Amino acid sequence: MEKEQLAQILAELVPGLEINSSKEILEVKAASNTWHELAGKLASDPRLQFNYLHNLYGVDWQTYFTVIAYLDSTILGYSLIVRTEVADHDNPSLDTISDIWITANFQEREIYDLLGISFSNHPDLRRLFLEDGWGFPLRKDYKDDINFIER
Amino acid sequence: MQEVELQDILTAREDGDYIINIGPQHPSTHGVLRFVVSLKGETLEYVIPHCGYIHRGIEKMCERLTYPQIIHLTDRMDYLSAHMNNEAVSLAVEKGLGIEVPDRVKYIRTILSELQRLASHQLWWAAFGMDLGGLTCFFYGLRDREKILDIFEESFGSRLLHSYICPGGLMNDIHPNFQKRTKDFITYFRKKLPEYDELLTGNIIFEQRTKNIGILSKEEAVGYGLTGPSGRGSGFACDIRKRFPYSAYDKVNFKEILYNEGDTWARYKVRMDEMWESMRIIEQLIDNIPEGDFTAKMKPIIRLPEGEYHQRVETARGELGVYIISTGEKNPYRMHFRTPNFSNLFVMNRLAAGFKIADLIAISGSLDLVIPDIDR
Chain A
264 MEKEQLAQIL AELVPGLEIN SSKEILEVKA ASNTWHELAG KLASDPRLQF
314 NYLHNLYGVD WQTYFTVIAY LDSTILGYSL IVRTEVADHD NPSLDTISDI
364 WITANFQERE IYDLLGISFS NHPDLRRLFL EDGWGFPLRK DYKDDINFIE
414 R
Chain B
407 MQEVELQDIL TAREDGDYII NIGPQHPSTH GVLRFVVSLK GETLEYVIPH
457 CGYIHRGIEK MCERLTYPQI IHLTDRMDYL SAHMNNEAVS LAVEKGLGIE
507 VPDRVKYIRT ILSELQRLAS HQLWWAAFGM DLGGLTCFFY GLRDREKILD
557 IFEESFGSRL LHSYICPGGL MNDIHPNFQK RTKDFITYFR KKLPEYDELL
607 TGNIIFEQRT KNIGILSKEE AVGYGLTGPS GRGSGFACDI RKRFPYSAYD
657 KVNFKEILYN EGDTWARYKV RMDEMWESMR IIEQLIDNIP EGDFTAKMKP
707 IIRLPEGEYH QRVETARGEL GVYIISTGEK NPYRMHFRTP NFSNLFVMNR
757 LAAGFKIADL IAISGSLDLV IPDIDR
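Note that the protein sequences, when read in sequence, are chains A and B.
Counting in this note's numbering, the final residue of the first sequence is number 414, and the numbers go up one at a time with none missing.
Counting in this note's numbering, the final residue of the second sequence is number 782, and the numbers go up one at a time with none missing.
Now the structure itself:
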């Protein structure tokens, strides 16, 4: 019941949004150029108030990347998954959402560090775990001749 | 926040600021973590955490391993919440396979999680007291934690990294003595926990070092994703056990501890009260463990159907999320861990800026950081 209600609000808020309600949690798919705009609406709309970004991570699908955000509204009790595709595999870039949820600041740094997706307008985009000049280990084509053992 | 130059670290800058490194090897950081701290006199201007000293690439390793093998890596993230980490992966895999585990497994998993939470909070209390100069705390805390570790050792043969909860159930059944020893421990610890309060909680020096230090509002705690006892000290009702119950948490009565002050003292009190609640949960379950199998029927090789699966679990430090993307193979295509300490660490600058350098130790102690959980 709650899921249909949420789907209705989202359809009103952003016409033409791709909504998938077949899973346990409602999922929406944003185009990468509307990523920041959609995030802003989700956080500020009084009917949604998604204030808690509990996870943000990226996946390498070899020809493109997916970035997935898991949102909760601690006030209204909704949950939502928002995903987007970053099409340019050689030079991936996405708008930052760290101005909306501050925890995204560090999760985006982690994605940048391990997957090499750069976030435009990010206040402090530096490597988090690895040194500058290291490759991006979570990419599927990552090779480490010294530490990898091929079976 | 600017990147700190080596020159800045070695000399006082023209504006009178000192830049100092705390760590990567320093008792107060509880592991290999480095804080770059800018000081004006004794007052902190900013704190930049630098992590990655113990990054092992667990997420990358998972892509090459099968699900039962991955269990053994999750112990090594937050080693003080080993059972909960194992449970998170197991629940996610079971969700993907559509398996319902026997009630016996659910009860035992819940009891173990709470015992682990007790052990973890005892060690935190021991180390927190020691950080603030009360060395006796360390002996009291470790003395009682030892009793839990002995119970663990008898049942699963290991004290720290158990890898006992696995997809489908448990590695083996509990030891015949498990119930009796756990009950004995609860009786014992109910007498000992008030000693903790007598030793530290009422101490005037301790109160002055923690009250009104490192204050965070509820809105900021939500924004930073500060979960676990640290988040609940700011009034953020983030307990996954209450919000999305798993295992046997929907069958037990317990209170979600919330304090609204948001200071170091509140974070301390949340953990102290949580120990009482953990004992309550164990007492409700320990005599009612149903008979039955200790594992569900599993195929020898686990292949998750294509799709995405995730599971959220409350560890001793906050919300742990396990995210699996499967393409139908016996190993995951992508595995991600949303670890509680990762989000909790980055609130340091917000909490500590403006306070004295001695308060940094109290604040980082009250966040209860485990460094391998941040770096993975």
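Each residue gets a CB set at the ideal place from its N, CA and C atoms; glycine is no exception.
Values in this document were obtained by computation on a predicted structure and should not be read as measured data.
Opposing strand residues paired with residue i [DSSP bridges]
i	result
K446/B	D423/B, T449/B
A294/A	DSSP output for A294/A lists no bridge partner at all.
V719/B	L726/B
L766/B	L766/B is not bridged to any residue.
H568/B	Answer is none; H568/B lacks a bridge partner.
M681/B	None; M681/B has no bridge partner.
G713/B	S732/B
S356/A	S381/A
V507/B	In DSSP, V507/B forms no bridge with anything.
E625/B	DSSP lists no partner for E625/B.
Coil, strand or helix - residue i by DSSP
i	result
H317/A	strand
K736/B	coil
V495/B	helix
D481/B	coil
N410/A	coil
Y602/B	helix
Y341/A	coil
E725/B	strand
F328/A	strand
R637/B	Residue identity differs from the one stated: residue 637/B is Gly in this sequence, not Arg. In this structure, G637/B counts as helix in the three-state DSSP scheme.
N283/A	strand
F382/A	strand
H742/B	strand
F558/B	helix
CB contact below 8 Å: residue i versus chain B
i	result
R349/A	Reading the sequence as shown, one finds Val at residue 349/A and not Arg. No, its Cβ sits nowhere closer than 8 Å to a Cβ of chain B.
I282/A	no
H352/A	no
W364/A	yes
T337/A	yes
V277/A	no
F313/A	no
H299/A	no
L316/A	yes
Y341/A	no
V291/A	no
Under 8 Å between C-beta atoms of residue i and residue j
i	j	result
T593/B	I692/B	no
L357/A	L377/A	no
L576/B	V495/B	no
E373/A	L391/A	yes
F743/B	E465/B	yes
K661/B	E626/B	no
A722/B	R523/B	yes
D537/B	I780/B	no
V345/A	L301/A	yes
T472/B	N737/B	yes
I460/B	V443/B	no
L486/B	V776/B	yes
V453/B	A759/B	yes
T347/A	A293/A	yes
G724/B	P696/B	no
H436/B	A533/B	yes
T337/A	N354/A	no
Beta carbon proximity, residue i to chain A, threshold 8 Å
i	result
I767/B	no
H478/B	no
R515/B	no
S623/B	no
E604/B	no
I557/B	no
Y729/B	yes
H742/B	yes
F534/B	no
D781/B	yes
M407/B	The predicted position of M407/B is uncertain, since its pLDDT is 42 and thus under 50; a value taken from the coordinates is nonetheless stated next. At least one chain A Cβ lies under 8 Å of M407/B.
F752/B	yes
S496/B	no
E697/B	no
S487/B	no
E725/B	yes
S749/B	yes
Contact test: residue i Cβ vs the ligand FAD heavy atom, cutoff 7 Å
i	result
I272/A	Of ligands this structure carries none, so the ligand FAD is not represented either.
Interface positions of the segment 395 to 410 of chain A facing chain B (Cβ-Cβ less than 7 Å), listed along the chain: P400, L401
Please list, in chain order, the residues of the segment 382 to 396 of chain A that have any C-beta partner in chain B closer than 9 Å. P386, D387, R389, R390, L391, F392, L393, E394
Chain-ordered residues of the segment 452 to 468 of chain B with a beta carbon less than 8 Å from chain A: C457, G458, H461, G463, E465, K466
Which residues, in order along the segment 625 to 642 of chain B, keep a beta-carbon less than 9 Å from a beta-carbon of chain A? E625, E626, V628, G629, Y630, G631, L632, T633, F642
In the segment 319 to 331 of chain A, which residues sit with their C-beta less than 7 Å from some C-beta in chain B, listed in chain order? Y320, V322
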